[in-house]
Amino acid sequence: MPLMLTQGEFVGSLDCGTTSVRFIVFDQYAQIIAQHQLPFPQYYPNPGWHEQNPLEIQAHAEACIEGAIKSLVAQGYRKDSVKVIGITNQRESAFVWSRKTGKPLCNAIIWDDSRTKNLVAHYEHVLQTKGLEVEPGVWKRGQEGIDALREICGLPLSTYFSATKIRWMIDNYPEVATAHENDDLCFGTLESWLLYNLAGGVKRGLHVSEISNAARTLLFNTKTLRWDPMLLNFFGFRLSIVGDIVSTSQVYGHIANGPLSGVPIGGLIGDQQAALIGNKCLSKGEAKCTYGTGAFLLFCTGNEIVKSSNGLLSTVAFQPGPNAKPVFALEGSISSAGSAISWLKDSMHMISTSAQVNDLAAQEPTSGGVYFVTAFSGLLAPYWDSSATGVMIGITQYTNPSHVARATLEATAFQTRAIIESMVLDSGKDVQNLKVDGGMTNGDLAMSILADINGTDVIRPEMRESTALGSALLAGAAIGMFGWDLNKPGTLSEVNTKGTVTFEPQMSAKIREKKWLNWQRAVERCRGWEAGIDEEEEDLLG
1 MPLMLTQGEF VGSLDCGTTS VRFIVFDQYA QIIAQHQLPF PQYYPNPGWH
51 EQNPLEIQAH AEACIEGAIK SLVAQGYRKD SVKVIGITNQ RESAFVWSRK
101 TGKPLCNAII WDDSRTKNLV AHYEHVLQTK GLEVEPGVWK RGQEGIDALR
151 EICGLPLSTY FSATKIRWMI DNYPEVATAH ENDDLCFGTL ESWLLYNLAG
201 GVKRGLHVSE ISNAARTLLF NTKTLRWDPM LLNFFGFRLS IVGDIVSTSQ
251 VYGHIANGPL SGVPIGGLIG DQQAALIGNK CLSKGEAKCT YGTGAFLLFC
301 TGNEIVKSSN GLLSTVAFQP GPNAKPVFAL EGSISSAGSA ISWLKDSMHM
351 ISTSAQVNDL AAQEPTSGGV YFVTAFSGLL APYWDSSATG VMIGITQYTN
401 PSHVARATLE ATAFQTRAII ESMVLDSGKD VQNLKVDGGM TNGDLAMSIL
451 ADINGTDVIR PEMRESTALG SALLAGAAIG MFGWDLNKPG TLSEVNTKGT
501 VTFEPQMSAK IREKKWLNWQ RAVERCRGWE AGIDEEEEDL LG
C-alpha cells in the first residue's frame with residue numbers, strides 16, 4: 001500500500017548567491033522544513049576578473065529545487081505543499097543571452113569583477129568634457145555631469161554596477177555586439193535569467209527586471225521608477241536589451257518543468273534587500289548588515305529617497321506590489337568580509353576552516369597593534385577607491401597569527417562603522433542596533449568585536465537564512481499566504497522570533513575611539529595605490 005503523504009502549506013525560496021545556490025522550504029514561522037545547497041564553479045581568467053557560466057548556475061538551481069523537494073517528500077509531505085516560490089540573487093552581475101535562441105552569449109561578469117576600471121575612467125572623462133544629456137538638447141558637463149548621473153540613478157560610476165559590464169561585453173565579444181546590433185540581445189541581472197529559464201525560456205520569452213535589481217545597473221531612474229533613456233543612450237545601449245520593470249512581490253509566471261511544475265513564482269529581489277526584509281527591517285530607521293563574501297549594510301528610509309552626501313548609495317529596497325509605493329534605503333557595501341577570512345584559509349593557510357578564525361583570534365585579547373585594511377578589490381562605501389589595495393600595518397616581531405586573525409575580524413567591524421557613521425550623517429537618525437545575518441555571524445567573537453567597535457547592540461537571530469527568508473515572505477505575500485503583508489509589519493510578528501541573541505558593547509569608549517583613529521590612518525595609507533603588475537613583473541612572468 002503506497003505511503004500516504006501529508007498536505008502541507010509552505011513557501012520556497014531559490015537563493016542564488018555569489019558562490020552557491022540553494023533552495024529552502026519554509027513554514028509560516030520561518031522554520032526550515034527542507035533545503036538543498038550546491039556550490040557552482042567560479043572562473044578567474046585574468047587578475048581582477050570574475051566570471052560564471054549562466055547555464056551552470058541554472059542547472060545547479062534546478063538541481064537544488066529537485067533535491068529539496070526530494071527531502072520534503074522523504075519527510076512525508078506532498079510536493080505540492082510548496083504553494084509559491086521566491087527568487088533572490090547576487091546583484092549587479094551581468095547576464096546576456098539571445099532573444100532568438102534563449103542561450104547565453106558569454107559568461108556572466110560578476111559584481112566584484114574589476115576589469116572595467118578603464119571604462120569607468122573613460123565615462124568619467126566623457127562626463128567632464130562632453131557631459132550627460134539630461135533631457136533633449138540639455139547637457140550637463142564637468143562636476144554637474146557627474147552629479148547629474150548620480151541624481152538620476154542614485155549611484156556613482158563604478159566597476160561595481162552592471163552598465164559598464166554590459167558595455168565591456170559588447171566591445172569585446174563579437175557575438176554580443178552582433179546581437180546588440182540586431183536587437184537580439186537580452187540583458188538581465190541574475191533574477192532575470194533565472195526567472196526567464198524557470199518560466200519556460202525562449203518558448204515563453206519572459207524578460208523582466210525586478211525593481212531592486214534594476215536600481216543597481218546605472219540605467220534606472222529612481223524618480224520615474226523606469227529605465228532611463230538618457231542613461232541608456234549615454235552608455236550606447238538600445239532600449240531593447242532591458243526587460244520590463246516589475247515589482248518585488250507579484251506573480252510573474254509559473255514554473256514550467258520539474259517537481260514544482262505549475263507553481264507560481266511570486267517574489268523577486270536582490271539578495272541584500274531580501275535580507276533587509278528577512279530581518280523585518282521594514283520601517284524607517286531600521287538597519288541590517290549581511291556578512292558573506294562581502295558585507296552589505298542597508299538602512300531603511302521608508303518611502304523617501306535620501307540622497308547621500310557621505311559616500312553611500314540611495315537605492316530601492318523593495319516594492320511590495322505592482323501598485324504599491326516603493327520603499328527606499330541607504331546602502332553601504334564592503335567588498336571583502338568573508339573573503340578576507342577565506343584568504344587566511346586558502347592563501348595564507350593560517351586556518352583549515354573559516355570557522356576557526358574565531359578560535360585563532362580568541363588566543364589573543366587584542367590585535368597587538370595590527371590593522372588590516374582588506375581592500376583586495378579596492379574600497380567600496382564610503383571611500384569608493386578602486387585603486388586602493390590591501391594593507392596590513394603595525395606588524396612587529398611580536399605579531400603572531402592570532403593578532404592577524406583578530407585584525408581580520410576587526411577590519412570588517414571598522415568598515416561597518418565607517419558606513420554607519422555615514423548613514424547617521426545622511427539621515428540625521430542614530431542607528432540604535434544592527435540586525436545581522438550571513439556566514440560570518442556564526443562566530444560569537446566576530447559579533448562581539450562588531451559590537452565593541454561600533455558601540456552598538458548587534459542582534460543575531462537563530463535562523464540566519466535572512467536572504468532566502470526575505471524572498472519567501474515576498475512570494476507568500478503575493479498570493480496572500482499566512483496573512484503576510486509587508487505594508488503591515490505586524491503581520492510578520494511570529495516570523496523568525498526563536499533564539500535571538502544580542503551582543504552588547506564591552507569596550508570602553510576611550511579605547512574604541514583610539515582604535516578608530518588608527519584605522520582611519522591605515523585606510524589613508526592604502527588609498528590610491530593602483531594595484532597591478534608592473535613591466536618588470538610582466539617580464540618575470542613571461
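Take the sequence shown: its position 190, counting from 1, is numbered 190 in full-length UniProt numbering, and each next residue is one higher. Every residue gets a Cβ at the ideal spot worked out from N, C-alpha and C, and that includes glycine. All of these numbers come straight from a predicted model, not from anything done at the bench.
Minimum Cα-Cα distance from Asn46 among the listed residues Ser240, Gly205, Ser114 and Cys186 corresponds to Ser114. Per DSSP, the continuous alpha helix (DSSP H) segment holding Cys526 begins and ends at Ala509 to Cys526. Restricting attention to beta strand (DSSP E) runs no shorter than 3 residues, the region 68 to 93 encloses them at 82 to 89, ordered along the chain. Counting C-beta pairs with one atom in each stretch, the region 405 to 423 and the region 347 to 360 have three or more that are closer than 8 Å, which means they touch. Counting along the chain, Gly145 sits inside the alpha helix (DSSP H) bounded by residues Gln143 to Cys153.
Taking a contact to require three or more Cβ pairs closer than 8 Å, the region 287 to 299 and the region 324 to 335 qualify as touching.
Here Tyr196 carries a helix assignment [DSSP, helix/strand/coil].
Gly368 and His60 have their C-alpha atoms some 44 Å from each other.
Scanning Lys140, Thr159 and Tyr160 for the CA closest to the CA of Ile152 turns up Lys140. Shown here, Phe235 sits in a helix according to DSSP, grouped into three states. In terms of CA proximity to Ile65, Val82 leads the group Trp49, Val82, Gly76 and Glu51.
When rounded, the separation of the alpha-carbon atoms in Met230 and Glu133 is 6 Å.
Per DSSP, the continuous beta strand (DSSP E) segment holding Ser98 begins and ends at Phe95 to Ser98.
The residues Ala275, Thr290, Arg464 and Ser466, in chain order, have a CB closer than 6 Å to that of Asp437 in the same chain once the five nearest residues on each side in sequence are set aside. Rounded to whole angstroms, the gap between the alpha carbons of Gly390 and Asp444 is 25 Å.
Under the three-state reduction of DSSP, Glu191 is assigned to helix. Counting along the chain, no beta strand (DSSP E) covers Tyr123; the unbroken alpha helix (DSSP H) around it starts and ends at Lys117 to Thr129.
Taking each of Tyr398, Glu462 and Asp244 in turn and checking the Cα distance to Thr500, the smallest one comes out for Glu462. Within the region 265 to 317, the complete alpha helix (DSSP H) segments at least 4 residues long are 271 to 278, listed from N- to C-terminus. Its Cα nearest to that of Val246, the residue Gly267 stands out among Gly267, Ser386 and Gly145. Counting only unbroken stretches of 4 or more residues, the alpha helix (DSSP H) elements lying wholly within the region 462 to 497 are 466 to 478, in sequence order. Burial is judged here by how many other beta carbons sit within 10 angstroms of a residue's own beta carbon; Leu239 has fewer than 16 and is exposed. About 39 Å separates the Cβ atoms of Asp184 and Val306, ruling out a contact at the 8 Å cut-off. When C-alpha distances from Gln28 are compared across Asp485, Glu513, Tyr173 and Pro505, the shortest belongs to Asp485. Between Val242 and Leu219, the beta carbon gap of about 7 Å places them in contact (Cβ cut-off 8 Å). When C-alpha distances from Ala108 are compared across Ala214, Val11 and Ser162, the shortest belongs to Ser162. When DSSP states are grouped into helix, strand and coil, Pro156 belongs to the coil group.
In the DSSP annotation of this structure, the continuous segment of the alpha helix (DSSP H) that includes Asn213 starts and ends at Ile211 to Ala214. In this structure, DSSP gives Asn172 a helical state, which the three-state scheme calls helix.
Val424 and Thr502 have their C-alpha atoms spaced approximately 21 Å apart. Counting of Cβ neighbours within 10 angstroms places Lys165 among the buried residues, the total reaching 16 or more.
When only Cα atoms are considered, Gln90 and Leu14 end up about 12 Å apart.
Between the alpha carbons of Ile449 and Ala413 lies a gap of roughly 7 Å. Val202 is a Cβ neighbour of Thr101, given a cutoff of 8 Å. For Gly253, the closest alpha carbon among the candidates Leu232, Leu198, Ala522 and Pro259 is that of Leu198.
The continuous beta strand (DSSP E) containing Met392 extends over residues Val391 to Ile393.
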